[in-house]
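Chemist: This is the structure I have questions about; it appears just below.
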Amino acid sequence: MSTLEVQRLGKRFAVRGTGLRRETLDAVADVSFTLRPGNVTALVGESGSGKSTVARLLARLYAPSDGKILFDGRDVSDQRRRKTLLAYRSQVQMIFQDPFASLNPVKRIDHHIARPLEIHGICSHRDVDGRVRELLQRVGLVPPDEIAQKYPHQLSGGQRQRVAIARALAVEPSVILADEPISMLDVSIRIGILNLILQLKRELGIAFLYITHDIASARYVADEVLVMYRGRIVEQGPTDDVLLDPQHAYTRLLLSAVPNPESGLRLEPLVRAAFADESSSQLVECSPGHYVRRPA
Amino acid sequence: MSAVATKPLLELENLTVDYVLPDRRVRAVDGVSLAIAPGEILGLAGESGCGKSTLASAVLQILKPPAEVSGGRIIFEGQDLVAMSRERLRKVRWRHVSLVFQSAMNVLNPVMRVGDQFVDMYKAHDRVHKRDALARAGDLLELVGIDRGRVRSYPHELSGGMRQRVVIAMALALEPELIVMDEPTTALDVVVQREILQELDELKKRLGFAVLFITHDLSLLVEFSDRIAIMYAGEVIESAPSDVLFHHALHPYTNGLMSSFPPLTGPIVPLTGIAGSPPDLANPPTGCRFHPRCPKCTGLDSNLHRLQVGERPVLREVEPGHQVACHLIEGP
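For the protein sequence lines, the chains are Y and D, in the order given.
Residue 62 in this note's numbering is what sits at position 59 of the first sequence, and the numbering runs on without skipping anything.
Residue 189 in this note's numbering is what sits at position 190 of the second sequence, and the numbering runs on without skipping anything.
This is the structure we're talking about:
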């Protein structure tokens with residue numbers, strides 16, 4: 004299994020104007036972390052914090068403006084050759100938020116999982132059917148023979164998200180980037196998807212990047228947590244170090260926003276302006292492996 | 000907690016709503032009885048497809064065909080909304096009962112300034128001068144924490160959270176006694192969701208309106224509402240004051256929902272959630288509708304099992320204010 008390392012990753016988007024008058028926006032800046040085999044790394048933050056941009060950079064859907072993406076030590080951030088990218092993309096798979104939009108409504112479930120097997124030449128034509136059923140079984144879609152013949156609309160949201168996961172697994176990836184995989188699902192079936200992630204990391208040694216705004220679910224699945232705010236990581240470290248002993252005001256704000264029947268409706272007051280300008284700040288190690296962003 | 004003694008503001012009596020399809024009827028809301036007291040927040044929780052949004056539309060009598068109320072009554076301040084004429088309903092809607100949708104930020108007209116949309120709304124209900132309406136719109140925006148100068152903004156110039164606040168301000172505009180909120184904060188970020196709930200809580204204390212708050216997120220309801228009703232497959236299967244439900248939920252489904260939230264503190268124990276998927280209302284399970292997913296429906300006790308798969312449990316009171324529909328729960 005492979006390791007994906009990100010060093011000082013940055014992405015600038017042009018927001019308006021051209022040439023010298025061009026204005027740009029740092030959607031992601033100075034992001035560094037490592038996804039290790041058999042580990043789940045959670046990336047938490049609000050919408051607009053840049054977490055989905057990070058996933059898209061890692062999936063090479065965007066080319067980074069700064070920094071490096073090292074896959075097993077090899078820099079893939081400026082690779083443009085189709086063949087190299089194809090090989091990389093089969094190793095780094097993505098699961099999206101909306102399981103209703105990510106499946107083709109007029110194709111049966113087996114088609115969705117057989118396609119990557121064929122495109123990437125994972126197994127011989129004869130073995131495709133068997134492999135599809137194996138994958139369905141692995142993600143808990145039983146009986147696989149019955150599920151394989153269904154259309155997406157015949158499945159519930161949770162089942163569809165499992166199909167998306169089976170499809171990602173088809174190409175035998177070492178890294179899976181899961182962008183808000185449970186936020187559109189019913190509360191009662193979310194845990195099932197999180198348990199599946201835990202099972203896959205254990206059984207297959209897959210490295211997961213779990214992107215979410217739900218910090219409680221991050222605590223449930225993640226070994227390591229990255230907290231992102233306005234394109235920068237403001238705190239990172241082992242899950243319970245960060246979530247039980249948060250050092251950054253923004254982490255504390257996110258934690259206080261989680262519904263908690265014991266404490267009532269109270270929100271940690273936040274002076275957003277207080278850490279509006281983070282461009283000169285840097286991550287400082289406050290305990291082993293636990294980093295927090297402080298003004299320089 | 001809830002003012003049981005006072006006369007309810009809204010009372011649903013055995014409300015049944017069907018979707019009438021060419022070949023069959025699908026029952027989305029099946030004999031639901033609920034009451035909301037003045038100034039009370041009633042939380043209604045359930046999974047997608049359990050009928051909770053259909054119920055919200057029924058309360059405002061804005062069901063669209065093929066949906067229709069096929070039984071029961073909706074009593075608001077002593078009058079049955081189901082039997083009411085369209086003309087009279089127009090006078091009740093918004094002035095007395097208003098609505099906030101989940102996708103409320105998309106109900107704003109994108110090519111109209113926010114203030115003008117308030118003016119339209121006022122003109123539909125009152126004879127008001129445009130200048131007065133705009134001034135009131137500004138007051139309302141301030142009430143929900145938006146700068147009053149925003150009356151001149153177009154919806155796209157506001158963030159999702161601000162748009163949702165605008166829609167809440169509109170729902171408050173005619174000072175209704177009841178606001179129906181259908182997943183009002185689901186599309187928003189956790190922090191913004193939090194801020195809006197805090198504001199709603201304060202507004203409710205000041206203005207005294209009642210809220211029917213519909214969501215799939217039970218954890219939100221426990222701290223926000225006075226009473227909670229849990230819906231499953233078109234039926235209310237448990238209802239109780241929030242703290243009672245939080246500490247002593249009795250229905251296996253409610254307990255399943257409760258154990259679907261990972262804790263933020265303390266040890267992490269493996270959670271199971273609820274196995275299976277919500278049922279198809281076009282073809283609901285026999286007997287107790289939760290039995291195919293119920294961890295307590297084991298078949299070990301054959302008499303009990305026969306009951307669970309063969310007979311619908313009825314909602315009954317197990318202690319004052321706490322009702323459950325489950326074969327496992329003995330009556331008082």
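Don't be surprised by glycine CBs; every beta carbon is placed ideally from N, CA and C.
Starting from Y/Met-97 and walking both ways along the beta strand (DSSP E), at which residues does that stretch end?
Modeler: One-based indexing of the first sequence puts residue 97 of chain Y at position 94. Segment 95 to 98, the beta strand (DSSP E) holding Y/Met-97.
Chemist: Going straight from the alpha carbon of Y/Asp-233 to that of Y/Gly-51, what length do you get?
Modeler: Residue numbering aside, residue 233 of chain Y sits at position 230 when the first sequence is read from its first letter. Residue numbering aside, residue 51 of chain Y sits at position 48 when the first sequence is read from its first letter. Before going on, a small fix: residue 233 of chain Y reads as Arg here, not Asp. Cα-Cα distance, rounded: 7 Å.
Chemist: Quick one: what does DSSP say D/Lys-63 is sitting in, helix, strand or coil?
Modeler: Numbered from 1 along the second sequence, position 64 holds the residue referred to as residue 63 of chain D. In this structure, D/Lys-63 counts as coil in the three-state DSSP scheme.
Chemist: In angstroms with no decimal places, state the Cα-to-Cα distance between D/Ser-56 and D/Leu-211.
Modeler: For the purposes of this step, residue 56 of chain D is taken as the residue at position 57 of the second sequence. For the purposes of this step, residue 211 of chain D is taken as the residue at position 212 of the second sequence. Going by the C-alpha atoms only, they are around 12 Å apart.
Chemist: Go through its chain and collect everything with a Cβ distance to D/Glu-12's Cβ below 6 Å, but skip five positions before and after it.
Modeler: Start at 1 with the first residue of the second sequence, and residue 12 of chain D comes out as number 13. Only Ser-32, Gly-71 and Arg-72 meet the Cβ criterion.
Chemist: Indicate whether the contact test is met: 3 or more Cβ pairs, each with one atom in the segment 24 to 44 of chain Y and one in the segment 5 to 15 of chain Y, closer than 8 Å.
Modeler: Counting Cβ pairs under 8 Å, three or more are found: they touch.
Chemist: Please classify Y/Gly-195: does DSSP put it in a helix, a strand, or coil?
Modeler: Sequence index remark: in the first sequence, residue 195 of chain Y carries index 192 (1-based). Three-state DSSP puts Y/Gly-195 in a helix.
Chemist: Taking Cβ positions, are D/Gly-233 and D/Ala-27 nearer each other than 8 Å?
Modeler: As a position in the second sequence, residue 233 of chain D is number 234, starting the count at 1. As a position in the second sequence, residue 27 of chain D is number 28, starting the count at 1. In contact: D/Gly-233 and D/Ala-27 (Cβ atoms closer than 8 Å).
Chemist: For D/Pro-21, is the beta carbon positioned less than 7 Å from some heavy atom of the ligand MN?
Modeler: Summarising the ligand content, the structure contains no ligands, and the ligand MN is consequently not present.
Chemist: State whether the segment 295 to 308 of chain D contacts the segment 274 to 281 of chain D, with contact taken as three or more CB pairs (one from each stretch) at a distance under 8 Å.
Modeler: Contact fails: fewer than three Cβ-Cβ distances are below 8 Å.
Chemist: State the Cα-Cα distance for the pair Y/Val-95 and Y/Arg-85, rounded to the nearest angstrom.
Modeler: Start at 1 with the first residue of the first sequence, and residue 95 of chain Y comes out as number 92. Start at 1 with the first residue of the first sequence, and residue 85 of chain Y comes out as number 82. One C-alpha to the other measures close to 15 Å.
Chemist: Step through the CB atoms of chain D and report whether any lies within less than 8 Å of the CB of Y/Leu-180.
Modeler: Within the first sequence, numbered from 1, the residue matching residue 180 of chain Y stands at position 177. It does not; no Cβ of chain D falls within 8 Å.
Chemist: Against chain Y, does D/Asp-181 count as a neighbour if the rule is that its beta carbon must be under 8 Å from one of theirs?
Modeler: Walking along the second sequence from the start, residue 181 of chain D turns up at place 182. No, because no Cβ of chain Y sits closer than 8 Å to the Cβ of D/Asp-181.
Chemist: Taking Y/Val-18 as the reference, give the member of Y/Met-97, Y/Val-47, Y/Leu-28 and Y/Arg-59 with the closest Cα.
Modeler: By 1-based counting over the first sequence, the position of residue 18 of chain Y is 15. Per the Cα distances, Y/Leu-28.
Chemist: In three-state DSSP terms, what is Y/Arg-15?
Modeler: By one-based count along the first sequence, residue 15 of chain Y stands at place 12. Strand, per DSSP.
Chemist: Taking one C-beta from the segment 205 to 213 of chain Y and one from the segment 123 to 136 of chain Y each time, how about it: are there three or more such pairs within less than 8 Å?
Modeler: Not touching, per the Cβ criterion.
Chemist: Rounded to the nearest angstrom, how far is the Cβ of D/Leu-202 from that of D/Leu-142, given a contact under 8 Å?
Modeler: Translated into positions along the second sequence, residue 202 of chain D becomes position 203. Translated into positions along the second sequence, residue 142 of chain D becomes position 143. Confirmed, about 7 Å.
Chemist: Taking the Cβ atom as the reference point for each residue, do D/Val-189 and Y/Val-178 lie within a distance shorter than 8 Å?
Modeler: Numbered from 1 along the second sequence, position 190 holds the residue referred to as residue 189 of chain D. Numbered from 1 along the first sequence, position 175 holds the residue referred to as residue 178 of chain Y. Taking 8 Å as the Cβ cut-off, D/Val-189 and Y/Val-178 do not qualify as a contacting pair.
Chemist: Look at the Cβ atom of D/Glu-176, then the Cβ atom of D/Leu-8, and state whether they are nearer than 8 Å.
Modeler: In the second sequence, the residue the question calls residue 176 of chain D occupies position 177. In the second sequence, the residue the question calls residue 8 of chain D occupies position 9. Yes, Cβ-Cβ distance for D/Glu-176 and D/Leu-8 is below 8 Å.
Chemist: Give the straight-line distance between the Cα atoms of D/Leu-62 and D/Ser-52, rounded to the nearest whole angstrom.
Modeler: Counting from one through the second sequence, the residue named residue 62 of chain D turns up at place 63. Counting from one through the second sequence, the residue named residue 52 of chain D turns up at place 53. So the alpha carbons of these two residues sit roughly 10 Å apart.
Chemist: Out of Y/Arg-92, Y/Asp-33 and Y/Arg-83, which has the shortest C-alpha to C-alpha gap to Y/Asp-69?
Modeler: For the purposes of this step, residue 69 of chain Y is taken as residue 66 along the first sequence, with counting starting at 1. That would be Y/Asp-33, whose Cα lies nearest to the Cα of Y/Asp-69.
Chemist: Going along chain Y, which residues have a C-beta under 8 Å from D/Leu-372?
Modeler: Nothing can be reported for residue 372 of chain D: it is not among the residues displayed for chain D, which extend from 0 to 331.
Chemist: What are the boundary residues of the alpha helix (DSSP H) that includes Y/Phe-211?
Modeler: Translated into the one-based positions of the first sequence, residue 211 of chain Y becomes position 208. Unbroken run through Y/Phe-211 is the beta strand (DSSP E), 210 to 215; no alpha helix (DSSP H).
Chemist: Are there 16 or more other CB atoms within 10 angstroms of the CB of D/Ala-2, so buried, or fewer, so exposed?
Modeler: What you label residue 2 of chain D is simply residue 3 of the second sequence in a count that begins at 1. At D/Ala-2 the pLDDT is 44, less than 50, meaning the model places this residue with poor confidence and gives no usable figure here.
Chemist: Verify the CB distance criterion: does D/Leu-88 have a CB-CB separation below 8 Å to chain Y?
Modeler: To locate residue 88 of chain D, count along the second sequence from 1; it is residue 89. Not closer than 8 Å to any Cβ of chain Y, the Cβ of D/Leu-88 fails to qualify, so no.
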